[in-house]
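Engineer: Same order as they appear, the protein sequences are chains A and B. Residues in the first sequence are numbered from 1336 upward in steps of one, following this note's numbering. Residues in the second sequence are numbered from 15 upward in steps of one, following this note's numbering. Virtual Cβ for every residue (Gly too), placed ideally from N, Cα, C. Structure below; questions to follow.
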Amino acid sequence: MIDLNHALVVAFLLFGTGVAGVLLRRNAIVVFMSIELMLNAVNLALVTFSRLRGDLDAQVLCFFVMAVAAAEAAIGLGLVIALFRRHESIDLDRATLLRS
Amino acid sequence: MAIDHFPLILLFPLLGVLVNATLGKRLSLRASGGLASLTVFLSFLVAVQGFLALRGVTGDAARVVFTLWEWIASGDLRVDFSLLLDPLSSLMVLVVTGVGFLIHVYSIGYMAHDRDYPRFFAYLNLFTLAMLLLVLGDNFLVLFVGWEGVGLCSYLLIGFWYERMFTATMSTAQAGQKAFIVNRIGDFGFLVALFLIFTHFHSLRFATVFAAALQHPASPAVMTAIGLLLLLGATGKSAQIPLFVWLPDAMAGPTPVSALIHAATMVTAGVYMVARSHVLYALAPAALDTVAWIGALTALMAATIAVAQNDIKKVLAYSTVSQLGYMFLGLGSAAYGAGVFHVMTHAFFKALLFLGAGSVIHALHEEQDIRKMGGLRRALPITFATFLVATLAITGFPGLSGFFSKDEILAAAFQAHPLLWAIGILTAGLTSFYMFRLLFLTFFGASRLSPERAAQVHESPRAMTLPLMILALLSVVGGWVGLPPVLGTHLLGGTEGGFLGPVFADLHHVPGAGHGGHLSHATEWALMGVSTLVALAGFAAAWLRYLRPAAARDLFRAPASVWQRLLADKYRIDELYDAAVVRPLAACAQFLWRWIDEILIDGLVNFSGLAVRVGGEVLRLFQTGYVQTYAFFMVLGVIVLLLRLLA
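What follows is the structure in structure tokens.
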């Protein structure tokens, strides 16, 4: 029997995977996808809580997250392209402008 | 005649300063110097008006006060920037502007070869302004402003040729610093005296303070302290023991400066201040006696040093110290009028002596050693004639100005204490000796100049000789305003009657002030006779010693006896002060600099800088520049917060 707690565990694992991807991977696209993973983990958690409480507010918030994720995808890809134009590479280790 | 416009006296030199300081570089020598002289002359005209207006006036009418603005109003302390014209300040203003004008004119000739003339004339006008403020102030604080102003100008003008050396070991700038710093010691005394005056009399206005002191004098100890501290200030400015050491070195300045500041006017500021504070001194007999003794000892000491000096300006400098001692002797003998009278006559003949010396130095292209002069009376006839008049005046030749003023002082000293008189008369003999020595070595005998230099010697230009002649005239007739009682009326008047009478009238309220009674005419004749004889003796001694043909040979011989060496070395007082004061202070400063400042304070400052730097270096390690590192710390933080919330 799958109950809602299992859904929350999945959401937590998804979020953890996303965090690990953001922190550990050097490829900008992969980092980017990991962020999407974190967002969707949150979405899953939101939907689960909505179901738990019998309240639709959290599902509404879920749509906002999707919209923001779409906008973020546009900006994020733009950033990746800019990074590539500058360094001929999308390796994040080479994006160290903040340091100097 | 109303004289309410007398503050104009200050305005003219102020304009001169402003124009010369801002536009001076674009003016020619004649325009710059002419303007400076003109402003002082205009002040002189107003001063003459003031003098005429105050003649024959008595009581409160003889005090014209003009308040320019309220200066300080803080609690009890209320000080107006106000000016006072009374017979005493009027006389001082006349001397400052009159002699000052002549010296300004002389400077046009003297500074002809100097590119920096606008600076010179700006300083000279600034000095005149400060000096006039000093004598015209209606309270101690305005006087103090002028007091410091003249000190500043003195410093600036001593170091006027700042790139030159004065002696082998001292630059002119150092000479200026010496004058300034020595004066600071005196100013310290003056300031403390002002504090005491304010705490006890709750005012700094002359009239208020003196009235309060007469009605409710402070305790004798406080009055004596005030008198002595004021005297300390006066010894600084007027070069008396123990603070006289700066004046001989002040000769590093151009000669007109020596004449104006360090002979005729600024150095008499101390005399003026003591005369102005006569009420305070009348209430503090011990302080007054100290004035007399310091004056007498300074007069004698400086005269003995002057005997052994070979620099024409040094001789005159020590002579000035000695004559200032006479003035203090007069003041200390409660003969304030006599002291001020000597200020006036001394301004005439000492300015003349310095300007004459300047003319000689000018003609010989900066030669100042009298051993290398001689026989100049044919080449420099006007300078010689005027110098002779001044020498006769300072030595007290009967009928000339110095005779009357010196005699009045000696008569007062005789009444105060016979020993004071004896010191005074001995000094008179020495004065006569060193002045005639100077005259003989410079103008008489065979020329000791090198032949090529002797051919170039020429009399100075008209701008320089004209002031000499006017001052010579004043040196002759200037004393006639103060004829002794046996010879006629005393126009100036000491403690009673005469022009200065109203100023010193309040002394009548002090029982026992002034050393009672008049001298009998016979005593007065006798005193005059003795001083004339002593002056003649000095003259004869100088004649015998320095007009022998063989005298020239001995000039360059090193001083033989211990006594002569001591005189030539000026009693080694500079060395004494150097060892007793300057070096301990320098060592102290060295300690503060090397240990307290460089190690302790700089150490603390550097340590705080170092700590920040090291801290920064450590924190830098966390700033890798990788976004992911930052994100890692963020996640770490979130996890810590979450654990904290859940725990």
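Does B:F646 come within less than 8 Å of chain A when only Cβ atoms are used?
Structural biologist: Within the second sequence, the letter at position 632 stands for residue 646 of chain B. With 8 Å as the cut-off, B:F646 counts as an interface residue toward chain A.
Engineer: Output needed for B:V196: all residues of its chain with C-beta closer than 7 Å, excluding positions within five of it in sequence on either side, in chain order.
Structural biologist: Locating residue 196 of chain B in the second sequence gives position 182, counting from the first residue. Same-chain partners within the cutoff: G250, L257, V259 and W260.
Engineer: Going by other Cβ atoms of all chains shown within 10 Å of its Cβ, with 16 needed for buried, is B:C167 buried or exposed?
Structural biologist: To locate residue 167 of chain B, count along the second sequence from 1; it is residue 153. By the neighbour-count rule (16 or more Cβ atoms within 10 Å), B:C167 is buried.
Engineer: Could you list which residues in chain B have their beta carbon closer than 8 Å to that of A:D1428, in chain order?
Structural biologist: Here residue 1428 of chain A refers to the residue found at position 93 when the first sequence is read from its first residue. In chain order: Y640.
Engineer: I want to check one thing, is the minimum distance from the CB of B:V329 to the heavy atoms of the ligand GDP below 7 Å?
Structural biologist: By its list of ligands, the structure shown contains no ligand whatsoever, and the ligand GDP lies outside what it can speak to.
Engineer: Would B:V271 pass as a contact of B:F174 if the rule is Cβ separation under 8 Å?
Structural biologist: On the second sequence, position 257 is the one that residue 271 of chain B refers to. On the second sequence, position 160 is the one that residue 174 of chain B refers to. Going by C-beta atoms, B:V271 is nearer than 8 Å to B:F174.
Engineer: Please classify B:M648 as buried or exposed, where buried requires at least 16 other C-beta atoms within 10 Å of its C-beta.
Structural biologist: Here residue 648 of chain B corresponds to residue number 634 of the second sequence, with the count starting at 1. So B:M648 counts as exposed.
Engineer: What separation, rounded to the nearest whole angstrom, lies between the Cα atoms of B:L228 and B:R290?
Structural biologist: If you number the second sequence from 1, residue 228 of chain B lands on position 214. If you number the second sequence from 1, residue 290 of chain B lands on position 276. The straight-line gap from Cα to Cα measures roughly 15 Å.
Engineer: In chain order, what residues of the same chain lie with their CB nearer than 7 Å to the CB of B:F447, ignoring the 5 residues before and after it?
Structural biologist: By one-based count along the second sequence, residue 447 of chain B stands at place 433. Answer for B:F447: V321, G552, A555 and A556, listed in chain order.
Engineer: So, does the CB of A:L1358 fall closer than 8 Å to a CB anywhere in chain B?
Structural biologist: By 1-based counting over the first sequence, the position of residue 1358 of chain A is 23. At least one chain B Cβ lies under 8 Å of A:L1358.
Engineer: Quick check: is the beta carbon of A:V1354 nearer than 8 Å to any beta carbon in chain B?
Structural biologist: Within the first sequence, the letter at position 19 stands for residue 1354 of chain A. So, interface residue.
Engineer: Would you say B:V649 faces chain A, with C-beta separation under 8 Å as the test?
Structural biologist: Working through the second sequence from its first residue, we reach residue 649 of chain B at position 635. Yes, its Cβ sits closer than 8 Å to a Cβ of chain A.
Engineer: So, does the stretch 451-471 of chain B touch the stretch 375-392 of chain B, judging by three or more C-beta pairs under 8 Å?
Structural biologist: Counting Cβ pairs under 8 Å, three or more are found: they touch.
Engineer: Would the beta-carbon of B:T279 fall within 8 Å of that of B:V113?
Structural biologist: Position 265 of the second sequence, counted from the first residue, corresponds to residue 279 of chain B. Position 99 of the second sequence, counted from the first residue, corresponds to residue 113 of chain B. For B:T279 and B:V113, yes; Cβs fall inside 8 Å.
Engineer: For B:A248, I'd like the list of residues in its chain whose CB is within less than 6 Å of its CB, leaving aside the five on either flank, ordered along the chain.
Structural biologist: Here residue 248 of chain B refers to the residue found at position 234 when the second sequence is read from its first residue. So the list reads G284, M287 and V288, once near-sequence residues are dropped.
Engineer: Assuming B:L157 contacts B:G203 under a Cβ cut-off of 8 Å, what Cβ separation, rounded to an integer in Å, is found between them?
Structural biologist: Here residue 157 of chain B is taken as the residue at index 143 of the second sequence, counted from 1. Here residue 203 of chain B is taken as the residue at index 189 of the second sequence, counted from 1. Wrong, their Cβ atoms sit about 14 Å apart, outside the cutoff.
Engineer: What's the call for B:I439, buried or exposed, on a 16-neighbour Cβ count within 10 Å?
Structural biologist: Sequence index remark: in the second sequence, residue 439 of chain B carries index 425 (1-based). By the neighbour-count rule (16 or more Cβ atoms within 10 Å), B:I439 is buried.
Engineer: My output table needs one value for B:H529: the three-state DSSP class, helix, strand or coil.
Structural biologist: One-based indexing of the second sequence puts residue 529 of chain B at position 515. Low confidence applies here, because B:H529 scores a pLDDT of 48, under 50, leaving its location unreliable; read the following figure in that light. Three-state DSSP puts B:H529 in coil, outside helix and strand.
Engineer: Using the C-alpha atoms, what's the distance from B:H19 back to B:V107?
Structural biologist: Here the question's residue 107 of chain B lines up with position 93 in the second sequence. Here the question's residue 19 of chain B lines up with position 5 in the second sequence. Cα to Cα, the separation comes out at about 14 Å.
Engineer: Which residues bound the alpha helix (DSSP H) around B:E162?
Structural biologist: The sequence position of residue 162 of chain B within the second sequence is 148, counting from 1. Segment F154 to I172, the alpha helix (DSSP H) holding B:E162.
Engineer: Less than 8 Å between the CB atoms is what I'm expecting for B:F368 and B:A273, so what's the real figure, rounded?
Structural biologist: Locating residue 368 of chain B in the second sequence gives position 354, counting from the first residue. Locating residue 273 of chain B in the second sequence gives position 259, counting from the first residue. Rounded, the Cβ-Cβ distance is 3 Å, consistent with contact.
Engineer: Between B:G630, B:V595 and B:P412, which lies nearest to B:F547 when the distance is taken from Cα to Cα?
Structural biologist: The residue you call residue 547 of chain B lines up with position 533 of the second sequence. Just to set this straight, residue 547 of chain B is Leu in the shown sequence, not Phe. Nearest C-alpha to B:L547: B:P412.
Engineer: Since B:F398 is in the alpha helix (DSSP H), which residue starts that stretch and which ends it?
Structural biologist: For the purposes of this step, residue 398 of chain B is identified with residue 384 of the second sequence, where counting begins at 1. Unbroken alpha helix (DSSP H) run through B:F398: P395 to T409.
Engineer: State the Cα-Cα distance for the pair B:T509 and B:G351, rounded to the nearest angstrom.
Structural biologist: Here residue 509 of chain B is taken as the residue at index 495 of the second sequence, counted from 1. Here residue 351 of chain B is taken as the residue at index 337 of the second sequence, counted from 1. Confidence at B:T509 is low in this model, with a pLDDT of 47, below 50, so its placement is unreliable and no value can be given for it.
Engineer: Rounded C-beta distance between A:N1362 and A:I1410? I'm assuming under 8 Å.
Structural biologist: Within the first sequence, residue 1362 of chain A is the residue found at index 27, counting from 1. Within the first sequence, residue 1410 of chain A is the residue found at index 75, counting from 1. A:N1362 to A:I1410, Cβ: 18 Å. No contact.
Engineer: For B:L243 and B:L343, what's the separation of their Cα atoms in angstroms?
Structural biologist: The residue given as residue 243 of chain B occupies position 229 in the second sequence. The residue given as residue 343 of chain B occupies position 329 in the second sequence. Rounded to whole angstroms, B:L243 to B:L343 spans 17 Å at the Cα level.
Engineer: Could you have a look at B:M179 and say whether DSSP puts it in helix, strand or coil?
Structural biologist: As a first step, residue 179 of chain B must be located in the second sequence, where it is residue number 165. Looking at B:M179 - three-state DSSP - the assignment turns out to be strand.
Engineer: Rounded to the nearest angstrom, how far is the Cβ of B:I326 from that of B:Q382, given a contact under 8 Å?
Structural biologist: Locating residue 326 of chain B in the second sequence gives position 312, counting from the first residue. Locating residue 382 of chain B in the second sequence gives position 368, counting from the first residue. Confirmed, Cβ separation roughly 5 Å.
Engineer: For the 8 Å Cβ check, are there 3 or more pairs between the stretch 143-155 of chain B and the stretch 90-107 of chain B?
Structural biologist: Verdict: yes, contact present.
Engineer: If you count every other CB in all the chains shown that lies within 10 Å of the CB of B:W83, and 16 or more means buried, which is it?
Structural biologist: Taking the first residue of the second sequence as 1, we reach residue 83 of chain B at position 69. Classification of B:W83: exposed, given that the 10 Å Cβ count is below 16.
Engineer: Confirm, please, whether the CB-CB distance from B:L218 to B:L138 is below 8 Å.
Structural biologist: Taking the second sequence and counting its residues from 1, one reaches residue 138 of chain B at position 124. Taking the second sequence and counting its residues from 1, one reaches residue 218 of chain B at position 204. Going by C-beta atoms, B:L138 is not nearer than 8 Å to B:L218.
Engineer: Tell me which residues share the same chain as B:G123 and place their Cβ nearer than 7 Å to its Cβ, disregarding the 5 neighbours each side in the sequence.
Structural biologist: Taking the second sequence and counting its residues from 1, the one referred to as residue 123 of chain B is at position 109. The residues are S474, P475, A477 and M478.
Engineer: Would you decide whether A:N1340 is buried or exposed? Buried here means 16 or more other CB atoms lie within 10 Å of its CB.
Structural biologist: In the first sequence, counting from the first residue as 1, residue 1340 of chain A sits at position 5. Exposed, since its Cβ has fewer than 16 Cβ neighbours within 10 Å.
Engineer: Looking only at C-alpha atoms, which of B:D520, B:L452, B:D263 and B:S347 sits nearest to B:K420?
Structural biologist: Residue mapping note: residue 420 of chain B aligns to position 406 of the second sequence, counting from 1. For the residues B:D520, B:L452, B:D263 and B:S347, the minimum Cα distance to B:K420 belongs to B:S347.
Engineer: Can you tell which of B:M449, B:A436, B:L514 and B:E612 has its C-alpha closest to the C-alpha of B:Y12?
Structural biologist: Absent from the structure is residue 12 of chain B, since the part of chain B shown begins at 15 and ends at 661.
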